[in-house]
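**Student:**
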Amino acid sequence: MRCAEDLIAALNVGLVQSAPPITTVSSPLSDQIRAELHRTVPTIPNGVDSLDNIALGECQPLSQARVTIAHTGAEFYEGKRSPQQLFEAAKELGLTSQDICFYFIGVQGQPAEKFIERMADQTGVSDLIRLSPPVARDQCMHLQSRADALLLLLWDHPAEKAVITGKLFEYIAVRRPVVVVGCPEKLAALVVRDHHLGYVVADTETAKTTLRNLLDSKTAHSGLLPDVESDAVSEFGRSAYITRWISAIADLPSGRCRS
């Protein structure tokens with residue numbers, strides 16, 4: 011379910027009402043459901059899988075551009091999640107294909123291919139984008155590790171403020187800088203900002219600042235930008251959340267959990 015309203019609307023369903031534990035993936039969602047049901051609602055987010063990163067020196071950059079920003083996935087929710095601000099920023103800065111590459115993994119051959127191509131064409135940055143077909147997860151992680159930064163697109167809408175996408179945890183595992191576009195006060199954007207994981211874009215001006223910062227940072231590095239050093243990898247480790255699940259199940263009244 012995409013937001014607390016969806017879950018609350020489903021509470022009239024007997025299965026939901028009788029469920030011994032109800033958990034959510036974010037604290038704001040838990041607060042909303044707790045207020046509605048007047049019961050304990052643990053927060054157990056998605057998590058970061060342990061990942062043996064490929065050494066930066068062994069990574070071949072995804073493109074020949076000075077900076078490559080990669081996005082994974084082919085779902086843009088009818089344009090609600092959009093790279094438009096970054097495209098406009100690149101155009102206004104006069105960036106060329108030697109400066110920047112927006113690399114969309116998993117889009118080629120999908121309905122989203124036309125969406126991205128049309129947007130790039132309308133903005134005048136068609137030469138700055140590259141599209142690849144869907145790939146297996148392991149290969150996708152490898153491709154992500156070959157980018158200078160990873161793009162997380164959010165829908166700038168109040169209903170999504172409490173939603174934290176699983177893609178963010180995958181990005182954290184890869185340790186590449188994250189560029190968040192859309193809903194700058196959303197939980198995912200706050201995680202990136204608070205844990206110094208990358209950049210949060212709120213409009214075209216902050217998009218231009220982000221692109222300038224990435225390009226300026228790259229001048230000191232002949233290869234990819236350095237890995238992000240953050241406590242988020244350990245703080246959001248999946249093993250810690252498994253412990254929370256075990257605790258939540260152990261706290262259930264006897265006889266309430268049946269296979």
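Be aware that the sequence shown starts at 11, since it is given in my numbering, and climbs by one per residue.
Yeah, the Cβ is synthetic: ideal placement off N, Cα and C, and Gly gets one too.
1. Would you mind working out which of P236, D41, V243 and T229 sits nearest V201, comparing C-alpha positions?
2. Give me the Cα-Cα distance between A198 and Q108, rounded to the nearest whole angstrom.
3. Quick one: using the 10 Å Cβ neighbour count with 16 as the cut-off for buried, is G134 buried or exposed?
4. Rank D137, T50 and K196 by C-alpha distance to the C-alpha of K101 and give the top, closest one.
5. In this structure, how does DSSP classify V97 when only helix, strand and coil are distinguished?
6. Can you look up C150 in the DSSP assignment and give me helix, strand or coil?
7. Taking just the CA atoms, how far does V173 sit from R185?
8. Which runs of the alpha helix (DSSP H) fall wholly inside the stretch 76-141 and span at least 4 residues, in chain order?
9. Can you give the Cα-Cα distance for Q42 and P31, rounded to whole angstroms?
10. Select from H48, T53 and L47 the residue whose C-alpha is nearest the C-alpha of S40.
11. Have a look at A130 and L224 and give me their C-alpha separation to the nearest angstrom.
12. With C-beta atoms as the reference, is S142 less than 9 Å away from V117?
13. DSSP on V51, reduced to helix/strand/coil?
14. With distances taken from CA atoms, which of Q154, K90, E98 and I110 is nearest F125?
15. Let's see if you can read the secondary structure: which residues bound the beta strand (DSSP E) around G208?
16. Going by beta carbon distance, what residues of the same chain come within less than 6 Å of V188, once the five residues before and after it are set aside?
17. Less than 8 Å separating the Cβ of Q42 from some heavy atom of the ligand ATP?
18. Three-state secondary structure (DSSP) at V173?
19. With a cut-off of 8 Å on the beta carbons, I'd call A157 and I79 a contact; round off their distance for me.
20. Tell whether a beta-carbon distance below 9 Å holds between R140 and F114.
21. Between which residues of its own chain and V238 is the CB-CB distance below 6 Å, once the five residues before and five after are set aside?
22. So the candidates are Q154, S155, G192 and A122; which of them puts its Cα closest to the Cα of A84?
23. Measuring CA to CA, which of K228, E127, E195 and D213 is closest to F86?
24. May I have the straight-line CA-CA distance separating Q154 from S227, to the nearest angstrom?
25. Please name the residue in Q95, V77, E88 and G119 whose C-alpha comes closest to that of C111.
26. Which term fits G104, buried or exposed, when burial requires 16 or more other beta carbons within 10 angstroms of its beta carbon?
**Tutor:** Judging by the given coordinates:
1. Of the candidates P236, D41, V243 and T229, the one whose C-alpha sits nearest the C-alpha of V201 is V243.
2. Whole-angstrom Cα-Cα distance: 31 Å.
3. Per the 10 Å Cβ criterion, exposed.
4. When each option's Cα is compared against that of K101, the closest is D137.
5. Here the sequence assigns Phe to residue 97, which means Val is not the residue at that position. Helix at F97.
6. Here C150 carries a helix assignment [DSSP, helix/strand/coil].
7. Here the C-alpha atom of R185 lies approximately 21 Å from the C-alpha atom of V173.
8. List check, alpha helix (DSSP H) in window: 94-102 and 122-133.
9. Taking C-alpha positions only, Q42 is separated from P31 by approximately 15 Å.
10. That would be T53, whose Cα lies nearest to the Cα of S40.
11. Cα-Cα distance, rounded: 20 Å.
12. Their beta carbons are under 9 Å apart, which means S142 touches V117 by this criterion.
13. It is coil, neither helix nor strand.
14. Selection Q154, K90, E98 and I110 evaluated against F125 yields K90 as nearest (Cα-Cα).
15. That run of the beta strand (DSSP E) goes G208 to V211.
16. For V188, where only same-chain residues beyond five positions count, the Cβ hits under 6 Å are L160, L162, Y181, V202, L207 and G208.
17. The ligand ATP is absent from the structure shown, which contains no ligand whatsoever.
18. In the three-state scheme derived from DSSP, where H, G and I count as helix and E and B as strand, V173 is classed as coil.
19. The C-beta separation of A157 from I79 comes to about 7 Å, placing the pair in contact by the 8 Å criterion.
20. Their beta carbons are under 9 Å apart, which means R140 touches F114 by this criterion.
21. Correct list, in chain order: R185, P187 and L207.
22. Closest option to A84, judged by alpha-carbon separation, among Q154, S155, G192 and A122: A122.
23. The candidate whose alpha carbon is nearest that of F86 is E127.
24. The C-alpha of Q154 lies about 19 Å from the C-alpha of S227.
25. Here the closest residue by C-alpha is V77.
26. Exposed is the call here.
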